[in-house]
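Right, one structure below, let's go through it.
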Amino acid sequence: MSCEQRLIQIITSNILENRVKKLFKKLGIKSFTSFGVNGEGDTGLQSGHFDADSNVLFMLLLSEEKMLELVEELNKDIQKGYHHFVFSLNAQMHTPYKCKSEV
Amino acid sequence: MSCEQRLIQIITSNILENRVKKLFKKLGIKSFTSFGVNGEGDTGLQSGHFDADSNVLFMLLLSEEKMLELVEELNKDIQKGYHHFVFSLNAQMHTPYKCKSEV
Amino acid sequence: MSCEQRLIQIITSNILENRVKKLFKKLGIKSFTSFGVNGEGDTGLQSGHFDADSNVLFMLLLSEEKMLELVEELNKDIQKGYHHFVFSLNAQMHTPYKCKSEV
Amino acid sequence: MGLDAILIPAILFFALGVFAKVIKSDLKFPEGLSKGLSLYLLIAIGLKGGAELANAELGLAIKSIMWAIVLGFLTPIIGYMILRFRDKIDRMNAAAITAHYGSVSAGTFLTAIAFLDVSGIEYETYPIIMMVVMETPAIIIGLLLAALARKQLQQQEAGETVATPWKSLLHEALTNGSVVLLIGAMVIGAISSPEAMEKVYPFSHEIFMGVLCLFLLDLGMEAARRMKAFKEVGVTLVAFGIIMPLIGGTIGMVVAASFLGFGVGGTLLVAILGASASYIAVPPAMRMGVPEANPSYYLTLALGVTFPFNVLVGIPLFYNLSIWYIG
Amino acid sequence: MGLDAILIPAILFFALGVFAKVIKSDLKFPEGLSKGLSLYLLIAIGLKGGAELANAELGLAIKSIMWAIVLGFLTPIIGYMILRFRDKIDRMNAAAITAHYGSVSAGTFLTAIAFLDVSGIEYETYPIIMMVVMETPAIIIGLLLAALARKQLQQQEAGETVATPWKSLLHEALTNGSVVLLIGAMVIGAISSPEAMEKVYPFSHEIFMGVLCLFLLDLGMEAARRMKAFKEVGVTLVAFGIIMPLIGGTIGMVVAASFLGFGVGGTLLVAILGASASYIAVPPAMRMGVPEANPSYYLTLALGVTFPFNVLVGIPLFYNLSIWYIG
Amino acid sequence: MGLDAILIPAILFFALGVFAKVIKSDLKFPEGLSKGLSLYLLIAIGLKGGAELANAELGLAIKSIMWAIVLGFLTPIIGYMILRFRDKIDRMNAAAITAHYGSVSAGTFLTAIAFLDVSGIEYETYPIIMMVVMETPAIIIGLLLAALARKQLQQQEAGETVATPWKSLLHEALTNGSVVLLIGAMVIGAISSPEAMEKVYPFSHEIFMGVLCLFLLDLGMEAARRMKAFKEVGVTLVAFGIIMPLIGGTIGMVVAASFLGFGVGGTLLVAILGASASYIAVPPAMRMGVPEANPSYYLTLALGVTFPFNVLVGIPLFYNLSIWYIG
Ligand SMILES: Nc1ncnc2c1ncn2[C@@H]1O[C@H](COP(=O)(O)O)[C@@H](O)[C@H]1O
Ligand SMILES: Nc1ncnc2c1ncn2[C@@H]1O[C@H](COP(=O)(O)O)[C@@H](O)[C@H]1O
Ligand SMILES: Nc1ncnc2c1ncn2[C@@H]1O[C@H](COP(=O)(O)O)[C@@H](O)[C@H]1O
Ligand code: NA
Ligand code: NA
Ligand code: NA
């Protein structure tokens, strides 16, 4: 048993970790995975020495609709100047009980 | 030269890391990538302070058939109550010599 | 607003991290994400104890063309004997300003 | 003995950790730091215990060990009966949760030692050996209760009976990382020459108290983070997380003072062995052996309820009770 | 005082770090190590400050704190005016950058202390309190300048006015991890009994200098890594990163020597408070509160320009200036 | 000298690590801890060596360095001939593997120092300088042998000749992180004033033995983990991993006792320089410079065979041999 979902990945500064988690809460998203990453981009080197130059990557499996809601919220933030790097992929969920529930 | 494969990702508790590796061994899977992640879900907060509240993510590129075998084994575990979070994606392998061999 | 891109992931030895970064530079790629991973494969156990037995994973969102250029460069290295594990996936980019620019 | 008693740096750092999360500070420890600190603490306490063991009175040592085993078996059974009273908590979760209370929290135990050290109160060192011994019996009881529950459930459901894989589970319990590390360090501390041990002391003894402060700071933050799950865990379990250390601590106190003849210091330590709930050795064993139970319950109880309760209330409380009991 | 003055291990390790990256060595610190080291250093300096505070003269302490607040507000305003001169740098980046200069780099400050310790020069401890105090005013000024800039921009664009979420931003500034840790450790150092503190000293005092060396080694590498971004940051900003510490340090020196009556040691420390730019407390506050500014600018300036300038030039320079000024 | 000799904490912790993995304990070190520990050890040994160097006899120091270079070039060539005997191992792997034996394992060397320290045996400090020197010649030999092999292979295949990028490979060898750190710490130890160094000692000297214990515990686990690959690596290579340290150690012993005139302590240390195989500096150089070789082979040999052999057998063996040889 498996089902189609979207895998959305959000890369942002460690500093904004709680900001993004609040968005999850607002949308009723209770499950996610996260880990620290390094990176380089328009905002320079994120070498992981201090909180200010560390990135965090969030990984969430969501339904298409929920994902679009989340993207919308993130884009509001992005318009304010926050740098969230957001992309999504098609995924197939194989844990059976995770297919039953929405979110 | 490239070939189609499946990228399967398994998120589970650090405690169950060896359990999952034994499944790999059983199925003759010798190559994989893994790293520590944090998370939240039905089983609560996994904040990475102790082994018991840390997660590990396995990432494997496999053929479709091999992947299904692995999913089947993992589901046996899941039915016993173990929480493995498993999903897969379509991927294109670009390392040439990894395309020749099965597994 | 969103656009289609390729997510390319490169797993290689920590030792070769700068080698790969030089390829990025050569191709004018300025943005990427990376993090340390463990693994097992043809070259044995990479358990993360020393630089020599640690892996790094690079994650890049690129246009299809840029990705192919990068794959070509990596394959030159692979032919010399270097073990880069490279695969790619279809992704949808959701950060609006990252869609405008090429690379 | 008033507030003064807990104004020791270790406890204050714990309080600082809780405070930081309560005011929603973004203070954070890097990945792996707490794991490293807890490895260090286990080694340090093991070496200390081993060095003392070399000078221990054999008779009293054996008696302590036996009482440790009794404590380890007894507390979880009492706990299980409480949780199953009127079917409040389902069997699997009850088994997994109570196993934690039969075992020991090294962090709480070390805080109690810091408390005694700083207050200049002497204490017997047998409790260190007891701590090591108590890591496993509780796990076995937990697995046993879960196996019984599993059988009953399966008979009810008339489904296929899944045999509990005892061998691998016991192996898991006995080779648990923290158990191996504690016993190993203890053996090393016991068989190394005193001159050799002296070279290790600046690392294992002198910086110990400072490292403990750092560890408790982190644990304070983690405890506070876990407190957020109180609502999901429910009032019954939160109450259990406070009642159980009172029961376990009282039993420990009686054992230490009346049956082992310890002074106030040693009695406090055994009380804390009884009162505290493991969050390092037992959770992995339960994740492995009782997958049906929800880790969120037992981690919230051990880290979010019982640990802060013991550090802030239990230690001074049982210290005063011990003085009163011993007379 | 010649080259000798900077031949102390801490500064030499910093130089080694820079050197390693200049010759493109693959020397690397594991993830999390620098975060752990900087937690340690903040705790150690906090405890030290707190223990001293317990013996401080109240009047002078309050006077120091007030001057610290003045410094914290004054330097960023001067900096902002410089950066905005002929519109060189846009408002948002100017606000975010200058906030860093009102606050303090703990690493530079600790290096200055190491410099004094090793040279056997006495110093007042009030600057430690001043350091803690100076973490926040600069953040507030930075947010204020950015809010003003935002309003002006929005009026120009006639777009919708986004209100600055002051409450959450101030909360952020005041509950910043490093602020909480420093103040918390300070309070613990002040209220713990001297006997209790003594048990913590081997950890917080004795190994301090060695840990600082390790930290500076890593920071040397990081500084050198940041230097690569000089081209992108531009000559104006790089120049600013050298001029600003000269201005801030001079103001600090005058404050310490003339208004607070400190000796050479204490004067050097206040000069360094004025000269240094925060890379731990302020960047998060600016990321959060001034998202429009480019973190690459302020991190490059604080870590890649001002930090190495202060460690290698600023400390000996202001030491000699202080001797000259005080007479 | 019996079992007693290895009953020192450092070696016992190594054994504990091996034991933990043999009984399949889930004991685990957090990510980055071993990297951090090995940085610390390199710095500590470098500082120690540098401080000693300041007092060294120039003539003997230069002589030691020259013999270190000879050892570094000689051992890999002998090793290469052994491995290539009857074409047992292909050229590329033979080159990469033997390079490891020309260089040194800092962990083994430090264990030998701990062994001498704890046993109260004096030793010359020139071997510390020799250790630093020996990091690079072996790498150069390895690259050279591989380059020759590559040429031969290409001539056979009549394909296009890929030139070995000597410049970048040598740069790599000379700027290797551990080399830079060791030499850097040594220079700092040599040029810093003794008073300044004293402030660093609690960190670099006093807690040294304890940190070494922790490091060896982890390395014990890692060694045991590598032993699993024995089957894949094959009996020839495993045998080589035991024979080579016997050869290298004997050469080292003769050099130290007969040509450098060291006492038993110093002779043991040079024997261990000869016997041990690098697992920090050389593997990166080979990954980079000899990509055709399989890292699994050389890591298994260095960490899974030679390292445990030296710690458990080599050190006491060469200690007794040195006593016998010197008379
Ligand atoms: N094209 C990309 N591919 C992968 N990661 C990226 C890319 N662009 C940005 N990132 C990540 O997103 C973070 C913020 O990006 P930026 O806003 O461009 O500074 C960077 O530090 C990277 O970790
Ligand atoms: N929807 C999801 N998206 C991403 N990760 C998830 C999701 N659900 C669960 N996880 C991960 O899987 C782990 C176990 O999940 P659970 O069994 O729900 O507690 C969590 O700690 C997360 O790391
Ligand atoms: N099939 C695979 N799936 C996932 N990761 C792999 C796979 N094969 C290799 N890797 C990763 O690539 C690294 C190098 O692979 P190898 O060249 O086979 O030794 C390994 O250490 C793994 O981290
Ligand atoms: Na207990
Ligand atoms: Na300043
Ligand atoms: Na050697």
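Protein sequences appear in the order of chains A, B, C, D, E and F. Take this note's numbering: the last position of the first sequence gets the number 108, and nothing is skipped along the way. Take this note's numbering: the last position of the second sequence gets the number 108, and nothing is skipped along the way. Take this note's numbering: the last position of the third sequence gets the number 108, and nothing is skipped along the way. Take this note's numbering: the last position of the fourth sequence gets the number 334, and nothing is skipped along the way. Take this note's numbering: the last position of the fifth sequence gets the number 334, and nothing is skipped along the way. Take this note's numbering: the last position of the sixth sequence gets the number 334, and nothing is skipped along the way. For glycine and all other residues, C-beta sits at the position ideal for the given N, C-alpha and C.
- With 16 or more other Cβ atoms inside 10 Å of its own Cβ, R157 (chain F) counts as buried.
- Taking L32 (chain B) as the centre and dropping the five residues before and after it, the same chain places the C-beta of K71, E74, L75, E78 closer than 8 Å to its C-beta, in chain order.
- Taking C-beta separations shorter than 8 Å and ignoring five residues to either side along the sequence, the partners of L319 (chain E) in its chain run I13, I18, F21, A22, following chain order.
- Cβ neighbours of V262 (chain F) within its own chain (closer than 7 Å, five residues either side excluded): W74, L78, V277.
- Excluding sequence positions up to five before and after L223 (chain E), its CB lies within less than 6 Å of the CB of A17, F20, F21, all in the same chain and listed in chain order.
- Exclusion of L90 (chain F) from the 7 Å shell around ligand 4 follows from its C-beta lying no nearer than that to any non-hydrogen atom of the ligand.
- Between N43 (chain A) and chain C, the shortest Cβ-Cβ separation is below 8 Å.
- At a cut-off of 8 Å between C-beta atoms, K35 (chain E) counts as an interface residue with respect to chain C.
- Burial check for M6 (chain A): the Cβ neighbour count within 10 Å stays below 16, so the residue is exposed.
- When 7 Å is used as the limit between beta carbons, V187 (chain F) is near these residues of chain E: A27, S32, L34, in chain order.
- Restricted to the region 77-121 of chain F, the alpha helix (DSSP H) segments that are unbroken, complete and at least 4 residues in length are 98-109, listed in chain order.
- Judged by beta-carbon spacing, G53 (chain C) lies beyond the 8 Å limit of E38 (chain E), meaning their Cβ atoms are not closer than that value.
- Distance check between L244 (chain F) and each of F:I76, F:I96, F:E64, F:N62 places F:I96 closest, using alpha-carbon atoms only.
- In this structure, the beta-carbon distance from M293 (chain D) to A300 (chain D) falls below 8 Å.
- Inclusion of F215 (chain F) and V218 (chain E) in the CB contact set at 8 Å is not warranted, their separation being larger than that value.
- Residues of the region 115-134 of chain E whose Cβ lies closer than 7 Å to any Cβ of chain F, in chain order: D124, V125.
- Between V61 (chain C) and chain B, the shortest Cβ-Cβ separation is not below 8 Å.
- Secondary structure at I72 (chain F): helix, using DSSP grouped into helix, strand and coil.
- Taking a C-beta distance under 8 Å as the contact criterion, A203 (chain D) and V125 (chain F) qualify as a contact pair.
- Three or more pairs of CB atoms, one per stretch, sit closer than 8 Å, so the region 88-104 of chain A contacts the region 97-104 of chain C.
- For A236 (chain E), no pairing in a beta bridge is given by DSSP.
- The shortest CA-to-CA distance from I52 (chain F) to any of F:G114, F:P144, F:T313, F:L177 is the one to F:G114.
- In the three-state scheme derived from DSSP, where H, G and I count as helix and E and B as strand, F90 (chain C) is classed as strand.
- In this structure, L81 (chain D) keeps its C-beta atom at 8 Å or more from the C-beta atom of V139 (chain D).
- Taking 8 Å as the upper bound on Cβ-Cβ separation, chain D lies near residues D56 of the region 56-86 of chain A.
- Separation of D94 (chain D) and Y87 (chain D) (C-alpha to C-alpha, rounded to the nearest whole angstrom) is 11 Å.
- Rounded to whole angstroms, E142 (chain E) and S200 (chain E) show a C-alpha spacing of 27 Å.
- Counting along the chain, F269 (chain F) sits inside no alpha helix (DSSP H), nor does DSSP assign it H or E at all.
- The C-beta separation of A236 (chain F) from G49 (chain C) comes to about 6 Å, placing the pair in contact by the 8 Å criterion.
- When C-beta atoms of the region 25-43 of chain D are compared with those of the region 176-193 of chain E, three or more pairs fall below 8 Å, so the two segments count as touching.
- Secondary structure at L155 (chain D): helix, using DSSP grouped into helix, strand and coil.
- F92 (chain C) belongs to the set of residues whose beta carbon lies under 8 Å from a beta carbon in chain B.
- Relative to L60 (chain D), the option among D:L221, D:L160, D:E131 whose CA is nearest is D:E131.
- Ranking D:Q161, D:Y305, D:S110 by CA distance to the CA of I148 (chain D) puts D:S110 first.
- A145 (chain F) places its beta carbon 8 Å or farther from that of V29 (chain F).
- Note on geometry: alpha-carbon atoms of I69 (chain D) and F116 (chain D) lie some 21 Å from one another.
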